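Basically the working numbering = 1-based index in the sequence shown + 21.
Virtual Cβ for every residue (Gly too), placed ideally from N, Cα, C.
What you are looking at is a predicted structure, and each value in this text was computed from that prediction instead of being measured.
Reviewing the structure listed below.
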Amino acid sequence: MSRRALARVAFVIAVVAGTLLVLSGKSASTASPQSRLATDLYPLYPGAQWGEVQPATSPDFGTVELVESLPFDNITDIASVTAPYTQYYDQKLTQAGWTRDRSREAGGPGAELAVYTKGDQFIVVLFSSVFHIHSPDAPAQCPCDTTLTLMSGTQTGRTIAQVQASRAYADHAVGFSIALPTLLASSSNDLLFSVDPSYEYTEKGPGQSIPGVKFTIPKSLASGTNLAPDTYLSVEHLPKGAACDASAFLADPGATSHPLREGAVSYSVASSTGAGVGNRYEEWVYARTGTDPCIAVRYFIHYAAIENFPPGAVREFDHASLLQTFDAIRRTLRVAQ
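As structure tokens, then:
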């Protein structure tokens, strides 16, 4: 693999996954003949021509093995190339006992990264694209050159728990902690969740604000799509002694809640939707039953109506994937009460 190709892989990984920030490796001429990916990746996806497997290093995962496909040049439909590839490995790895870690994956224009784990092993399935058409006032457009990449390794440097701890936020006064799929930034950032510890939910009106901490999505998650970059997940709490009902966190007076149990954790769940001037709003609240003060996780999803854009101007964001990411974050909430 050329240094330029390896640099492109490193950049794409940095863009779509905050934990794998930098990769450095050897050229194909110096790669070890013993270099080999995780066994369950074989046979390699047959719809691509693959290069040589090469060693590389990651600050989070230590030594890894990596391979790139030859680029698919001048394509006009990225999904026609990438969908069979990602489906091939999702089915293959799931059947082999690997677990997809949705909290550590993300995507951007023409790029996507999925992470699978089994014990202390991990596999990364990703693709990246180079767009031929660029405009200062419009999203990049195909024709594109798209490259498929596979990476695997064993956690030999920082442990998974240590990596997760570096992405955690704790409020000892209220008594909770929560982990994000990227490191945290103190301001809006292309690659990282930004944290606002002075956030208050004010939609209920004067004198009814709800304090909490807000984690706004990385700009890269919204780039090139109809998803608004002010979309966020927050952790909020009511005054001590207040009933722990999710509807109390919503401005909609008609909102009703229902119980939900996930393993040993019980929630009161409520949601609401809104619209205005081509914008759409969704709110989901998961209040942890039995906490006092009542602690809840809010998903605030803001997006523009896709039908208001010219065909092909933006991609419709992956609603299901965003909810899965937020769900994965919510499940890391730990309450010390």
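Over what stretch of residues does the beta strand (DSSP E) that includes residue i continue unbroken?
| i | result |
| --- | --- |
| H279 | 279 to 283 |
| H258 | 253 to 258 |
| A191 | 189 to 192 |
| R309 | 300 to 309 |
| S292 | 286 to 297 |
| V234 | 231 to 237 |
In this structure, does DSSP put residue i in helix, strand or coil?
| i | result |
| --- | --- |
| Y220 | coil |
| T328 | Checking the displayed sequence, the identity of residue 328 turns out to be Glu instead of Thr. Helix at E328. |
| T170 | strand |
| S50 | Model confidence at S50 stands at a pLDDT of 33, short of 50, so the residue's coordinates are unreliable and nothing is read from them. |
| F152 | strand |
| A77 | strand |
| A38 | The predicted position of A38 is uncertain, since its pLDDT is 36 and thus under 50; a value taken from the coordinates is nonetheless stated next. If DSSP states are grouped into helix, strand and coil, A38 belongs with coil. |
| R179 | With a pLDDT of 48 at R179, under the threshold of 50, the modelled position of that residue is not reliable, and the figure given next carries that caveat. Correct three-state label for R179: coil. |
| A263 | coil |
| V43 | Low per-residue confidence applies at V43: pLDDT is 30, beneath 50, and the placement is therefore not dependable enough to give any value. |
DSSP beta-bridge partners for residue i?
| i | result |
| --- | --- |
| L248 | Y324 |
| W71 | S90 |
| R355 | S198 |
| T120 | T138 |
| A276 | DSSP output for A276 lists no bridge partner at all. |
| T312 | In the DSSP output, where bridge partners are listed per residue, T312 has none listed. |
| A317 | E257, A308 |
| V335 | BP columns for V335 are empty, so no partner. |
| T60 | The partner list for T60 (beta bridge, DSSP) is empty, contrary to what the question assumes. |
| C163 | C163 pairs with nothing; no bridge assigned. |
Using beta-carbon positions only, say whether residue i and residue j come within less than 8 Å of one another.
| i | j | result |
| --- | --- | --- |
| N247 | F152 | no |
| G131 | S149 | yes |
| I96 | I199 | no |
| L147 | E133 | yes |
| T138 | T120 | yes |
| T346 | P239 | no |
| P92 | D166 | yes |
| V356 | G196 | yes |
| T170 | L87 | yes |
| S278 | S289 | yes |
| V335 | G226 | no |
| T237 | S215 | yes |
| G72 | P105 | no |
| S90 | Q70 | yes |
| F270 | V234 | no |
| V85 | R57 | no |
Assuming residue i is part of the alpha helix (DSSP H), what are its boundary residues?
| i | result |
| --- | --- |
| S342 | 340 to 351 |
| D111 | 99 to 116 |
| S241 | 240 to 243 |
Specify whether the region 313 to 332 and the region 295 to 303 touch according to this definition: at least 3 beta carbon pairs, one from each stretch, less than 8 Å apart.
-> A contact exists between the region 313 to 332 and the region 295 to 303.
Give a yes or no on contact between the region 220 to 234 and the region 252 to 261, applying the rule of three or more CB pairs nearer than 8 Å.
-> Put simply, the region 220 to 234 touches the region 252 to 261. At least three CB pairs are less than 8 Å apart.
Using 8 Å as the threshold, is the region 258 to 277 in touch with the region 310 to 318, meaning 3 or more CB pairs across them?
-> yes
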